[in-house]
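Residue numbers (UniProt numbering): 1 to 99.
In structure tokens form, the structure reads like this:
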């Protein structure tokens, strides 16, 4: 496991290390350990931490890389523009026409 991966599997509140993301998440849920890695503010829940990060743009380099990879993956799954069919008909009308 690389140093970066090891850091990502360590609770940033109590410094406990874990061998899997699942174990780290279970620990954080049980202990309410959700801390911003940028400003060290601790939150009672993951949603509060996510809202904080989104509002203040407090994303670690690792989180930014993951978000970028997800966005690129989502974008690449889109159907090419030339393959799209545009119609004012509803989905049911189109299904009837195609059958």
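No residue lacks a Cβ here, since even glycine has one placed at the ideal position from N, Cα and C.
Taking C-beta separations shorter than 8 Å and ignoring five residues to either side along the sequence, the partners of residue 52 in its chain run 36, 41, 43, 58, following chain order.
Residue environment: residue 34 is assigned as buried (16 or more neighbouring CB atoms within 10 Å of its CB, all protein chains considered). Residue environment for residue 28: buried (at least 16 other C-beta atoms within 10 angstroms of its C-beta). DSSP places residue 23 inside the alpha helix (DSSP H), whose first and last residues are 21–31. Boundaries for residue 16: no alpha helix (DSSP H) harbours it, and the DSSP string shows neither H nor E there.
Residue 49 counts as buried, since at least 16 other C-beta atoms from the protein chains shown sit within 10 angstroms of its C-beta.
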